[in-house]
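In what follows, a structure is listed as structure tokens, so that the remarks can point back to it.
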Amino acid sequence: MHQIRFDGAAVADIERDDLHREVLRTQGKLTSHFGYDAVGRRARQSAQRGAAGSELLAKQWQYDAAGDVIQKRDQRYGTTSYRYDPTGRIEQAAGPGLPSEVFRWDAAANLVSSDHPGGYVEHNRLKMFEDKRFEYDTYGRLVRKRSGHGPAKELTLEYDDWNQLKTVVTKDRLGIATTHFEYDAFGRRIRKLNGSYASTDFLWDGMRLVQETYHDRQGEEALTYLYESNSYVPLARIDQGKAAANDADVRDAVYYFHNDVSGLPEELTDAGGELVWQARYKVWGNAVQEEWIARMPQRPTAVWGQTQEAALPSAQVPRPQNLRFQGQYLDRETGLHYNTFRFYDPDIGRFITQDPIGLNGGVNLYQYTPNSLTWIDPLGLMVLYRSMSLDEYSGLMESGKWTINGNMEGKWFAESYQDAVRWGNTMGHGEGAFRVVQVDVPDDIAGKLHKDPHLDGIGPARYAEIEDLNNPRSRVTWSKEVNYSGCR
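Count along the sequence shown starting at 1, add 208, and that's the number in the working numbering.
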């Protein structure tokens, strides 16, 4: 893909190298450049105005031998360093302007408080962490969360018969508020109701959120999201209705995302190349600073937790930027992130309910990822990709089963679509074209797969045994035919 268009107008032009990796992207009057290390990982990115313009944004990442980020250098903020244990779980993060974070884990991968490393976890249900207390029902679902000392903030949660979060009652210094959620037949959230005064409708393309429309007594505002190709990484946001009113010269206001290597949004720029929104986060996605810049202050919103907000009053300001980790949407009423099939709590870096796929023996079903910098879980599942010949693909579709070829009793899968294409081009699957398939693998299976951080010098990959691939819970969800010279 070399161009993204919306309503007939080009939103972004993209240039790729010989390995199909993105190296340049136009974002309004800005041009973003991307660079990679020797094994294909994103190592640097910058954004500047014009070919000879000064850099507005510049970031670099350094990795260890296991493929984990150990250092991030940001032109505006300085250097943040990360440390991990031998299993890849994050232990420490420290950087200028951010709170120093130290993490401890028990044997079942539960995050535990440094002050109280034991005694507050039962059946992988975290009961206490720092100043937060948690209660669960008999199904292991979080039903109450209290935060703070003295007058505590409290969430009370209710679920429907399909284990979907239905209602949250929030009690804090602002009073009591009730939020309701509605879902479609595929389990996707389609509506959020804030008492009787406001609602938000959500529109989906498959499992990606493509539009939200906010309704209140003053009218409605629609936000449309565009993503990187075959990805949950946001590329642009287009505001329509009241949401676009801050840009009086255009019908729609376009904002461009500038993300961390994990896909977490850190800045927005407008069509003129001006920085208009920025945020900084703790390791697990809690914003410690968030603001619309000067002319576009953050809309006053009841927020669960504290963030820095611009204070300029205005009747016409953008809707809050609520996208977080890939596949996540922040509900500011509760502080939780909607993660398609589950809700995620950034206070503790884990889901509030068990994996809906179920338990396959002694695995922590509340875990999000070992670390949030290089792991993603947009659906509460792990997504893998494999390139294969057209004959192998036809056999898989006809039989519905993965089969053994040669001496190997399993298959290698790339962790990204781009790397799968690179393997396909390297392997030479027949003449002219090959197929890339996407496989959704349950977290408990994905966690035990052998990982190579840079297989064949291309990128991170995982090896799955045939019996795990043929597990009914592992599903082929998508495929694309690829020419050696590109895609069709």
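For glycine and all other residues, C-beta sits at the position ideal for the given N, C-alpha and C.
Across the structure, Arg-488 and Glu-338 are spaced so that their CA atoms are roughly 21 Å apart.
With respect to the 8 Å criterion, Gly-296 and Asp-276 are classified as neighbours on the basis of their beta carbons.
Taking all protein chains in view, the Cβ of Phe-533 is crowded by 16 or more other Cβ atoms within 10 Å, so the residue is classified as buried.
The alpha carbon of Phe-311 has as its nearest neighbour, out of Glu-498, Glu-390, Leu-319, the alpha carbon of Leu-319.
Taking the CA atoms as reference points, Gly-383 sits about 25 Å from Asp-345. The C-alpha of Gly-636 is placed about 46 Å away from the C-alpha of Asp-539.
When C-beta atoms of the segment 544 to 562 are compared with those of the segment 492 to 501, three or more pairs fall below 8 Å, so the two segments count as touching.
Measuring C-alpha to C-alpha distances from Tyr-367 to each of Pro-578, Arg-284, Lys-619, Ile-560 identifies Ile-560 as the nearest. No Cβ-Cβ contact shorter than 8 Å links Thr-386 with Thr-542.
With a beta-carbon spacing of about 6 Å, Phe-389 and Leu-373 fall inside the 8 Å limit used to define contacts. Between Ser-580 and the set Asp-599, Gly-471, Leu-350, the nearest pair of CA atoms involves Gly-471. In this structure, Arg-257 sits near Gly-481, with a CB-CB distance shorter than 8 Å. Rounded to whole angstroms, the gap between the alpha carbons of Val-219 and Ile-666 is 30 Å. With distances taken between CA atoms, Lys-267 lies nearest to Thr-288 out of Gly-248, His-228, Val-247, Thr-288. Here the alpha carbons of Lys-656 and Ser-682 stand approximately 14 Å from one another. Contact annotation: Ala-628 and Ser-607 have beta-carbon atoms that are not nearer than 8 Å. Secondary structure note for Asp-676: its alpha helix (DSSP H) is the uninterrupted segment 674 to 677.
Remark: C-beta atoms of Glu-420 and Asp-447 do not approach each other more closely than 8 Å.
Per the coordinates, the alpha-carbon of Glu-230 lies some 10 Å from the alpha-carbon of Ser-437. Note that the C-beta distance between Ala-669 and Leu-663 is below 8 Å. The criterion of a C-beta distance shorter than 8 Å is not satisfied by Leu-573 and Asn-371. For Asp-369, the closest C-alpha among the options Asn-547, Gln-270, Tyr-391 is that of Tyr-391. CA-CA distance, Pro-304 to Pro-473, rounds to 19 Å. Counting C-beta atoms within 10 angstroms of its own C-beta, Asp-282 has 16 or more neighbours from the protein chains shown and is therefore classed as buried. Listed as beta-bridge partners of Ala-430 by DSSP are Thr-421, Gln-448. Rounded to the nearest angstrom, the Cβ distance from Val-484 to Asn-467 is 15 Å, too far for a contact under 8 Å. Comparing C-alpha distances from Ala-672 to each of Thr-611, Leu-365, Tyr-601, His-210 shows the shortest one belongs to Thr-611. Between the alpha carbons of Ala-317 and Lys-237 lies a gap of roughly 45 Å. For Trp-631, the enclosing alpha helix (DSSP H) starts and ends at 625 to 635. The beta carbon of His-210 is closer than 8 Å to those of Asp-221, Ile-222, Glu-223, Arg-224 in its chain, skipping five residues each way along the sequence. A buried status is given to Thr-548, since no fewer than 16 other beta-carbon atoms sit within 10 Å of its beta-carbon. Residue environment: Thr-634 is assigned as exposed (fewer than 16 neighbouring CB atoms within 10 Å of its CB, all protein chains considered). Annotation for Tyr-440: no alpha helix (DSSP H) segment contains it, and DSSP assigns it neither H nor E. Following the DSSP letters along the chain, one finds Glu-474 inside the beta strand (DSSP E) bounded by residues 473 to 478. For Pro-661, the closest alpha carbon among the candidates Ala-461, Ala-641, Ile-653, Trp-620 is that of Trp-620. For Tyr-244, the enclosing beta strand (DSSP E) begins and ends at 238 to 244.
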